[in-house]
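Peer 1:
There are 2 protein chains.
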Amino acid sequence: MINLKKITISSIISVLMIFCANADSLSDQDKERILALKNTALSSNLAYDIDESLTTEVGPRRVGTPGDKLAVKWAVAKMKQLGFDRVWTEEVIHHQWIRGTAEARIIAPYPQRMVAIALGGSVATPVDGITAEVVEFKNFAELSSAEPDSLNGKIAYVSYRMERKIDGSGYGPAVKTRAAGPSYAAAKGAIALIMRSVGTDDDRIGHTGGLQYIEGTAKIPGAALSNPDADLLSRQIARGNPVKVFLKLTAERKDDVPVTTANVIGEITGSESPDEYVVMGAHLDSWDVGTGAVDDGIGVSITLAATHYIANLPQRPKRTIRVILFAAEEVGLVGAKQYVKTHGHDMGNHVIGAEWDFGTGRIYEMKPGVGPSALNAIRELAELLAPLGVSLSPKNDAKGQSDMSALGKRGMPAVNFSPDGMTYFDYHHTENDTLDKVDAEALKQNTAVYTIFSYFAAQSGIDFRK
Amino acid sequence: MINLKKITISSIISVLMIFCANADSLSDQDKERILALKNTALSSNLAYDIDESLTTEVGPRRVGTPGDKLAVKWAVAKMKQLGFDRVWTEEVIHHQWIRGTAEARIIAPYPQRMVAIALGGSVATPVDGITAEVVEFKNFAELSSAEPDSLNGKIAYVSYRMERKIDGSGYGPAVKTRAAGPSYAAAKGAIALIMRSVGTDDDRIGHTGGLQYIEGTAKIPGAALSNPDADLLSRQIARGNPVKVFLKLTAERKDDVPVTTANVIGEITGSESPDEYVVMGAHLDSWDVGTGAVDDGIGVSITLAATHYIANLPQRPKRTIRVILFAAEEVGLVGAKQYVKTHGHDMGNHVIGAEWDFGTGRIYEMKPGVGPSALNAIRELAELLAPLGVSLSPKNDAKGQSDMSALGKRGMPAVNFSPDGMTYFDYHHTENDTLDKVDAEALKQNTAVYTIFSYFAAQSGIDFRK
Chain A
327 MINLKKITIS SIISVLMIFC ANADSLSDQD KERILALKNT ALSSNLAYDI DESLTTEVGP
387 RRVGTPGDKL AVKWAVAKMK QLGFDRVWTE EVIHHQWIRG TAEARIIAPY PQRMVAIALG
447 GSVATPVDGI TAEVVEFKNF AELSSAEPDS LNGKIAYVSY RMERKIDGSG YGPAVKTRAA
507 GPSYAAAKGA IALIMRSVGT DDDRIGHTGG LQYIEGTAKI PGAALSNPDA DLLSRQIARG
567 NPVKVFLKLT AERKDDVPVT TANVIGEITG SESPDEYVVM GAHLDSWDVG TGAVDDGIGV
627 SITLAATHYI ANLPQRPKRT IRVILFAAEE VGLVGAKQYV KTHGHDMGNH VIGAEWDFGT
687 GRIYEMKPGV GPSALNAIRE LAELLAPLGV SLSPKNDAKG QSDMSALGKR GMPAVNFSPD
747 GMTYFDYHHT ENDTLDKVDA EALKQNTAVY TIFSYFAAQS GIDFRK
Chain B
327 MINLKKITIS SIISVLMIFC ANADSLSDQD KERILALKNT ALSSNLAYDI DESLTTEVGP
387 RRVGTPGDKL AVKWAVAKMK QLGFDRVWTE EVIHHQWIRG TAEARIIAPY PQRMVAIALG
447 GSVATPVDGI TAEVVEFKNF AELSSAEPDS LNGKIAYVSY RMERKIDGSG YGPAVKTRAA
507 GPSYAAAKGA IALIMRSVGT DDDRIGHTGG LQYIEGTAKI PGAALSNPDA DLLSRQIARG
567 NPVKVFLKLT AERKDDVPVT TANVIGEITG SESPDEYVVM GAHLDSWDVG TGAVDDGIGV
627 SITLAATHYI ANLPQRPKRT IRVILFAAEE VGLVGAKQYV KTHGHDMGNH VIGAEWDFGT
687 GRIYEMKPGV GPSALNAIRE LAELLAPLGV SLSPKNDAKG QSDMSALGKR GMPAVNFSPD
747 GMTYFDYHHT ENDTLDKVDA EALKQNTAVY TIFSYFAAQS GIDFRK
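So the protein lines, in turn, are chains A and B.
If you want our numbering, it's the position in the first sequence, counting the first as 1, plus 326.
If you want our numbering, it's the position in the second sequence, counting the first as 1, plus 326.
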């Protein structure tokens, strides 16, 4: 009932906000163009075809792998093919990490093999693996409050299961263990950390994702079990006898071996204000296990297709539309941080930005993060998006999603678009992130939204900071 | 429309058949007992707990593996614990096969790793693997009609996708390639066969299952790709350039190394006709990849729980209820064939039999295979099962499912119970066959049906052959 009330109130506010929109930032011709752009986006398979091309011809593209270098070439060629006016790359440097293999087995009381995957950035176990008793923690808080030395010589195991939510808000509580769990466990004396995958599926496939070792604590290996294997391990533990697990990771962390990659940037040049940039972002890298069709092939496809549709108009919109395909997002927004460093002098010309990095589902909400005077224009935009099922959030505190948060922190206004994320964490960071998971119909809606947004922002001349 | 008509007509026939049931094979007390048994089965977690025990304490149990031997011990102990009067094992001999590892990669034009699994019984590739051009066939018929020598030095690839059907009837057209594909491909000169998995899911997990080499043709390696990987390979092939694949299997086929296992048989002894057996069957072995929670942990659990409920009654039913947990079903009904050999002299005393080997879903239909005079009794049974949502098939040609078909062929009357099989082939013969896939509520209905069936058949004294 409380949720229902919230929805109702926020819907009413959205409707009121839309009706309060008086300013008229676009000419009638512009409005006609937007309708035509929308129809094109809703009837074309272009975005899907871009993702098909990326996943078929490139596939996995983690920073430091041949696939990543191939992806950069692919993106440059694809932007040119799609009619971008300028395409260039900007070098990004990270360090090497080799995944190697992951083996996990219950040794006692009931020997069984488990499906496990190394957390991104994990160190290896000793060559022969380790065998130790496991201690189960129901969640990160329980692990955090374990007594010092209570895990000496043991493997810490966090069995917390991520909750499925439309906005992905189950991720936060679950991902703490992946990020900080190994260091917290090490601080209590553990020799390894294993965890239930951060994922909402029931597949025998582990979810990877980056860990961050905390300075000053021992670096211990970290691995994620598939959900059914975590169930199995917890069932054996629940029988009350000591449970021993064998874990072997052959990962190699090479912090002193640099690897180069690149942000790939493409523009269609504004006809009146070429130095003002409406920015769309996505990340080009992926984890190395699936083909990154969803994470973030969807973002790459939406932003390229949207720009292509606008490039096909008889004339360029007033401002430049810039697409940034960020490098090395998965390992900590490395490309986005480099972009902000390189373009720091120029951030004031980034008039507004939107990222896509949240999977394959219809967009149901737009949340702005703009100056108060620009809210009228946002209401106009919302009016254009409403027929696509997109409502306007009553909040105005968006700071940019994923990579774009690095630009948002530097003062760039942003809009966040929220898609239905119910299935996103079924496939996130897994082998299962493949083209068949893409919702081709939702992708058309997504692309229509980004096309309208970018054309509106580039053509209307609104100052979104004010 | 045609299907709808069929359903309507068969429903009418079912209802008519039920109303035509005049004979009254059970006393009022028996009918009360059946009601009580039904209530017990519908409210108890016993069947689920049995499957939980099997999958947690034993796990995978392919013939020739330690898990299989452990499963036999587990089953003997579990039957005793559940109050069976007699429990024994009967030796079954098969030969050794080692799965080894499977590696598959597209080498050209766009190198990508694929997820593959060896077909059960496959030979290995040469130690260094093989690299060859693939030739795609849309289905088994296309492969069969390829010209002789047209596949010399090539890898045959069958991309046929299994259809999802409630009764599992999509399996037949798909499984032909798994069973006979390698020999058919070898006959045209191929050096290996790869195929799209026989499965309805979109997981990055291959489906195994047995192949049968045909005498007189070369034994070539056979492997199944996961559905997303088959999609990927077909997409690369569709671009029109030659596609090369690397395949490496380290399987070992050891036809001359015998392995022993056992059918595990348990009874509650009939109070009036102990030498007449109402038989319930399931198979104890599984493939080696998942924990066999569904295939056929469900069958094991239903038959043991049903017998336990009847064993708890104040007195034994008139006939013996015999549960046979068959060995080595997955490699070709080896345990069932041995059972028929051992019990050939005694087949006349097997008054009726039912197997469970079709997953986790509510039973919607019962199909008999009995003598014409016994149909009245079957209608009485159908009347007892109707409140559980089980309709009576208008056909009377059941011969026993899976293992039980070996007994059916020797003249034993049978009933086949059909559950909703829509998701069965998502997990069939994969890593993903784990406890979380079990529908615990459907399992209660399943167990209620088997309890009622076996009590009815054991207590009523009907001759199902006549």
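Backbone N, C-alpha and C fix where the C-beta goes; we use that ideal spot for every residue, glycine too.
These figures come from a predicted structure and were not determined experimentally.
Where B:H533 and A:R645 are concerned, what is the direct C-alpha to C-alpha distance, given to the nearest angstrom?
Peer 2: Their backbone Cα atoms lie some 53 Å apart in a straight line.
Peer 1: Could you compute how far the alpha carbon of A:P452 sits from the alpha carbon of B:T586?
Peer 2: Those two C-alpha atoms are separated by around 38 Å.
Peer 1: Alpha carbon to alpha carbon, what distance is there between B:L639 and B:A362?
Peer 2: Between B:A362 and B:L639, the C-alpha separation is close to 10 Å.
Peer 1: Within its chain, find whatever has a CB closer than 6 Å to the CB of B:Q422; leave out the 5 residues flanking it on each side and keep chain order.
Peer 2: Once the five neighbours on either side are set aside, the close Cβ partners of B:Q422 are G390, K580, V583 and V585.
Peer 1: Can you grab the Cα-Cα spacing for the pair B:L477 / B:K464, in whole Å?
Peer 2: About 15 Å.
Peer 1: So which of B:K357, B:Y510, B:A700 and B:N371 has the shortest CA-CA distance to B:E473?
Peer 2: Nearest C-alpha to B:E473: B:Y510.
Peer 1: So, are the CB atoms of A:V657 and A:T633 less than 8 Å apart?
Peer 2: The answer is no: Cβ separation not under 8 Å.
Peer 1: Determine the direct distance from the alpha carbon of A:Q771 to that of A:L714, and round the result to whole angstroms.
Peer 2: The alpha-carbon atoms of A:L714 and A:Q771 are separated by roughly 7 Å.
Peer 1: Whole beta strand (DSSP E) runs in the segment 552-630 of chain B with 3 or more residues, listed along the chain?
Peer 2: Within the segment 552-630 of chain B, the complete beta strand (DSSP E) runs of at least 3 residues are 570-575, 578-594 and 599-609.
Peer 1: Is there at least one Cβ from chain B nearer than 8 Å to A:Q785's Cβ?
Peer 2: So, not an interface residue.
Peer 1: Given a threshold of 16 other Cβ atoms within 10 Å of its Cβ, counted over all protein chains shown, does B:T668 qualify as buried or as exposed?
Peer 2: Under this definition B:T668 is an exposed residue.
Peer 1: Can you round the beta-carbon distance between B:I636 and B:I594 to whole angstroms, since I take them to be within the 8 Å contact cut?
Peer 2: Between B:I594 and B:I636 the Cβ distance is about 6 Å, and since that is below 8 Å, they are a contact.
Peer 1: List the whole-angstrom C-beta distance separating A:T746 from A:I492, where the pair is believed to meet the contact cut-off of C-beta under 8 Å.
Peer 2: Reading the sequence as shown, one finds Asp at residue 746 of chain A and not Thr. That belief holds up - the Cβ atoms of A:D746 and A:I492 are roughly 6 Å apart, short of 8 Å.
Peer 1: Quick check on B:D621 - is its C-beta less than 8 Å from some C-beta in chain A?
Peer 2: Judged by the 8 Å Cβ criterion, B:D621 is not in contact with chain A.
Peer 1: Measuring straight from C-alpha to C-alpha, what distance separates A:A349 and A:L710?
Peer 2: Bear in mind that a pLDDT of 49 at A:A349, under 50, signals an unreliable position, so the number given afterwards is only what the model happens to contain. If you take the alpha carbons of A:A349 and A:L710, they lie about 14 Å apart.
Peer 1: Would you report the Cα separation of B:P554 and A:A430, rounded to the nearest angstrom?
Peer 2: Near 25 Å, if we compare the C-alpha coordinates of A:A430 and B:P554.
Peer 1: Just to confirm my understanding: we take A:F552, look at its own chain, exclude 5 residues before and 5 after, and list those with CB closer than 7 Å. What are they?
Peer 2: Correcting the residue identity first, residue 552 of chain A is Ser in this sequence and not Phe. Here the set comprises V441, S523, D529, R530, I531 and G532.
Peer 1: Quick one: does B:G765 have its CB under 8 Å from some CB of chain A?
Peer 2: It is Asp, not Gly, that sits at residue 765 of chain B in the sequence shown. Chain A, which has no Cβ nearer than 8 Å to the Cβ of B:D765, makes this no.
Peer 1: What is the DSSP secondary structure of A:A472, counted as helix, strand or coil?
Peer 2: Residue state, collapsed to three classes: coil.
Peer 1: With a cut-off of 8 Å, does the C-beta of B:L368 fall near any C-beta of chain A?
Peer 2: Judged by the 8 Å Cβ criterion, B:L368 is not in contact with chain A.
Peer 1: Take A:V398 as the anchor and find which of A:D411, A:V418, A:D356 and A:F410 has the nearest alpha-carbon.
Peer 2: Of the listed residues, the one whose Cα sits closest to A:V398 is A:V418.
Peer 1: Going by C-alpha to C-alpha distance, which of A:T777, A:D752, A:E757 and A:L769 sits closest to A:G494?
Peer 2: Answer by Cα proximity: A:D752.
Peer 1: Whole angstroms are fine: how far does the CA of A:A516 sit from the CA of A:T457?
Peer 2: Roughly 12 Å between the two C-alpha positions.
Peer 1: Give the C-beta separation of B:V615 and B:E757 to the nearest angstrom, bearing in mind that I take them to be a contact with Cβ-Cβ under 8 Å.
Peer 2: Correct: roughly 5 Å between the Cβ atoms.
Peer 1: Starting from the Cα of B:E602, find the closest Cα among B:V571, B:I647 and B:G623 and give me that residue.
Peer 2: It is B:I647.
Peer 1: How many Å lie between A:A608 and A:A740 at the Cα?
Peer 2: C-alpha separation (whole angstroms): 14 Å.
Peer 1: Would you mind telling me which residues of chain A sit closer than 8 Å to B:P739, beta carbon to beta carbon, in chain order?
Peer 2: Simply none; closest approach about 39 Å.
Peer 1: How many angstroms separate the CA atom of A:V666 from the CA atom of A:K574?
Peer 2: Computed Cα separation, rounded: 39 Å.
Peer 1: In three-state terms, what does DSSP make of A:A516?
Peer 2: If DSSP states are grouped into helix, strand and coil, A:A516 belongs with coil.
Peer 1: Of the choices A:I628, A:A505 and A:S612, whose alpha-carbon is the least far from that of A:N326?
Peer 2: No information on residue 326 of chain A is available, as it lies outside the stretch 327 to 792 that chain A covers here.
Peer 1: Return the chain-ordered list of same chain residues with a C-beta closer than 7 Å to the C-beta of A:G385, the five sequence neighbours on each side being excluded.
Peer 2: Excluding sequence neighbours, A:G385 sits near G393 and T617.
Peer 1: Using a Cβ cut-off of 8 Å, pull out every chain B residue sitting near A:H762, in sequence order please.
Peer 2: Residue 762 of chain A is actually Asp in this sequence, not His. Chain B residues near A:D762: D528, N553, P554 and D557.
Peer 1: Excluding the 5 residues flanking B:T760 on each side, which residues of the same chain have their C-beta closer than 6 Å to its C-beta?
Peer 2: Closer than 6 Å at the Cβ level, and outside the excluded window around B:T760, lie G616, T617 and A619.
Peer 1: Can you tell me which of the three DSSP states B:S717 falls into?
Peer 2: Correct three-state label for B:S717: strand.
Peer 1: Note down, one range per segment and in chain order, each alpha helix (DSSP H) of at least 4 residues found wholly within the segment 651-707 of chain B.
Peer 2: DSSP runs (the alpha helix (DSSP H)) wholly in the segment 651-707 of chain B: 660-668.
Peer 1: Is any heavy atom of the ligand ADP found at a distance shorter than 7 Å from the C-beta of B:F652?
Peer 2: As presented, the structure is devoid of all ligands, the ligand ADP included, so that no description of it is given.
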